[in-house]
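Shown next, in C-alpha coordinates, is the structure this report addresses.
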Amino acid sequence: MHKSTILRIARPTDNLNQIAKMYCQGLGFTVLAKFENHENFDGIMLGHPDHLWHLEFTHHRGTKVGKAPTQDNLLAFYIPDHSEWLHQISLMKTAGFMNISSYNPYWDVKGKTFEDIDGYRVVLQNTVSTV
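Residue 13 in the UniProt record's numbering sits at position 13 of the sequence shown, and the numbers go up by one each step.
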(Lines of atoms letter the chains of each structure in order from A and count residues from 1; the text may use other names and numbers.)
(Lines give C-alpha, C1' and ligand atoms only; values in the text may rest on other atoms or scores of the structure.)
Protein backbone atom coordinates (compact mmCIF):
# COMPACT_ATOMS: atom_id res chain seq x y z
CA MET A 1 0.00 0.00 0.00
CA HIS A 2 1.29 3.46 -0.88
CA LYS A 3 2.27 5.80 1.98
CA SER A 4 -0.25 8.38 0.74
CA THR A 5 -3.15 5.99 1.41
CA ILE A 6 -5.68 7.53 3.77
CA LEU A 7 -6.68 5.60 6.89
CA ARG A 8 -10.18 6.02 8.29
CA ILE A 9 -10.99 4.47 11.67
CA ALA A 10 -14.76 4.15 12.07
CA ARG A 11 -16.92 3.15 14.99
CA PRO A 12 -20.56 3.43 15.99
CA THR A 13 -21.96 5.58 18.77
CA ASP A 14 -25.31 6.37 20.34
CA ASN A 15 -24.02 9.90 21.11
CA LEU A 16 -22.92 11.23 17.72
CA ASN A 17 -22.89 14.97 18.37
CA GLN A 18 -21.53 14.69 21.92
CA ILE A 19 -18.71 12.38 20.81
CA ALA A 20 -17.76 14.70 17.94
CA LYS A 21 -17.65 17.67 20.30
CA MET A 22 -15.51 15.77 22.84
CA TYR A 23 -12.93 14.68 20.27
CA CYS A 24 -12.78 18.12 18.66
CA GLN A 25 -12.29 19.87 22.01
CA GLY A 26 -10.07 17.23 23.59
CA LEU A 27 -7.79 16.39 20.68
CA GLY A 28 -8.03 19.53 18.56
CA PHE A 29 -9.75 17.79 15.66
CA THR A 30 -11.95 19.56 13.16
CA VAL A 31 -15.06 18.30 11.42
CA LEU A 32 -13.87 17.18 7.98
CA ALA A 33 -17.23 15.94 6.71
CA LYS A 34 -20.65 14.86 7.90
CA PHE A 35 -23.68 13.14 6.49
CA GLU A 36 -27.28 12.59 7.58
CA ASN A 37 -29.74 9.83 6.81
CA HIS A 38 -27.54 8.00 4.34
CA GLU A 39 -29.73 4.88 4.27
CA ASN A 40 -30.55 5.48 7.97
CA PHE A 41 -26.94 6.25 8.93
CA ASP A 42 -25.63 9.57 10.22
CA GLY A 43 -21.92 10.24 10.51
CA ILE A 44 -19.20 12.72 11.31
CA MET A 45 -15.57 12.50 10.17
CA LEU A 46 -13.00 14.23 12.36
CA GLY A 47 -9.29 14.85 12.10
CA HIS A 48 -6.70 17.30 10.90
CA PRO A 49 -7.01 18.43 7.28
CA ASP A 50 -3.32 17.76 6.52
CA HIS A 51 -3.12 14.31 8.12
CA LEU A 52 -3.60 11.06 6.22
CA TRP A 53 -5.90 9.55 8.85
CA HIS A 54 -9.19 10.50 10.41
CA LEU A 55 -11.90 9.16 12.69
CA GLU A 56 -15.46 8.49 11.63
CA PHE A 57 -18.28 8.19 14.13
CA THR A 58 -21.57 6.79 12.88
CA HIS A 59 -25.06 6.27 14.21
CA HIS A 60 -27.56 3.86 12.68
CA ARG A 61 -30.99 5.34 13.32
CA GLY A 62 -33.18 3.11 15.46
CA THR A 63 -30.23 1.02 16.65
CA LYS A 64 -28.55 1.09 20.07
CA VAL A 65 -24.88 0.09 20.10
CA GLY A 66 -24.12 0.63 23.78
CA LYS A 67 -20.69 0.93 25.36
CA ALA A 68 -17.27 -0.21 24.16
CA PRO A 69 -17.04 -4.02 24.10
CA THR A 70 -13.84 -4.14 26.21
CA GLN A 71 -11.64 -1.85 28.29
CA ASP A 72 -8.80 -2.27 25.81
CA ASN A 73 -10.43 -0.46 22.86
CA LEU A 74 -8.23 2.59 22.55
CA LEU A 75 -6.36 5.07 20.44
CA ALA A 76 -2.81 5.96 21.51
CA PHE A 77 -1.14 9.27 20.70
CA TYR A 78 2.56 9.81 21.36
CA ILE A 79 3.34 13.35 22.51
CA PRO A 80 7.04 13.64 23.39
CA ASP A 81 7.02 17.32 24.41
CA HIS A 82 6.11 17.44 28.11
CA SER A 83 4.49 20.90 28.01
CA GLU A 84 2.36 19.93 25.01
CA TRP A 85 1.41 16.66 26.74
CA LEU A 86 0.28 18.51 29.90
CA HIS A 87 -1.73 20.96 27.78
CA GLN A 88 -3.39 18.07 25.94
CA ILE A 89 -4.32 16.44 29.26
CA SER A 90 -6.00 19.68 30.32
CA LEU A 91 -7.97 19.82 27.05
CA MET A 92 -9.12 16.22 27.46
CA LYS A 93 -10.45 16.89 30.96
CA THR A 94 -12.18 20.10 29.86
CA ALA A 95 -13.81 18.22 26.95
CA GLY A 96 -15.41 15.75 29.37
CA PHE A 97 -13.10 12.75 29.04
CA MET A 98 -12.62 10.87 32.31
CA ASN A 99 -9.02 10.28 33.42
CA ILE A 100 -8.82 6.60 34.44
CA SER A 101 -6.28 3.85 35.09
CA SER A 102 -5.51 1.89 31.96
CA TYR A 103 -6.61 -1.72 31.56
CA ASN A 104 -3.06 -2.46 30.34
CA PRO A 105 -0.64 -1.04 32.96
CA TYR A 106 1.95 -0.36 30.25
CA TRP A 107 0.05 2.78 29.27
CA ASP A 108 0.16 4.19 32.82
CA VAL A 109 3.98 4.22 32.98
CA LYS A 110 4.48 7.23 30.69
CA GLY A 111 0.93 8.15 29.84
CA LYS A 112 -2.57 9.05 30.86
CA THR A 113 -5.66 7.15 29.79
CA PHE A 114 -9.01 8.84 29.19
CA GLU A 115 -12.45 7.37 28.58
CA ASP A 116 -15.16 8.95 26.44
CA ILE A 117 -18.89 8.74 27.15
CA ASP A 118 -19.13 5.52 25.12
CA GLY A 119 -16.42 3.78 27.16
CA TYR A 120 -13.78 3.96 24.43
CA ARG A 121 -10.35 5.07 25.53
CA VAL A 122 -7.65 7.47 24.41
CA VAL A 123 -4.08 7.24 25.68
CA LEU A 124 -1.75 10.23 25.67
CA GLN A 125 1.82 8.93 25.93
CA ASN A 126 4.55 11.35 26.98
CA THR A 127 7.26 9.69 24.91
CA VAL A 128 8.43 9.05 21.37
CA SER A 129 7.08 5.96 19.64
CA THR A 130 9.81 3.40 19.08
CA VAL A 131 8.04 1.93 16.06
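Heads up, the beta-carbon is just placed ideally off N, CA and C, and yes, glycines get one too.
Source: prediction; values computed, not measured.
query, result
"Chain-order list of residues whose beta-carbon lies under 6 Å from that of V123 (same chain, five-residue window excluded)", "L74, A76, W107, G111 and T113"
"Chain-order list of residues whose beta-carbon lies under 7 Å from that of T94 (same chain, five-residue window excluded)", "Q25"
"Whether M45 touches L27 by CB criterion (8 Å)", "no"
"Euclidean distance between Cα positions of L7 and L52", "6 Å"
"Beta bridge counterpart(s) of V109 as assigned by DSSP", "In DSSP, V109 forms no bridge with anything."
"Rounded straight-line distance, which links the Cα of G62 to that of H48", "30 Å"
"Length of the line joining the Cα atoms of N15 and V128", "32 Å"
"D42 versus P12 - alpha carbon distance", "10 Å"
"Through-space distance from L91 to T30, alpha-carbon basis", "14 Å"
"Classification of F97 by the beta-carbon crowding that lies within 10 angstroms, buried from 16 upward", "buried"
"Exposure of S102, with buried meaning 16 or more beta-carbon neighbours within 10 Å", "buried"
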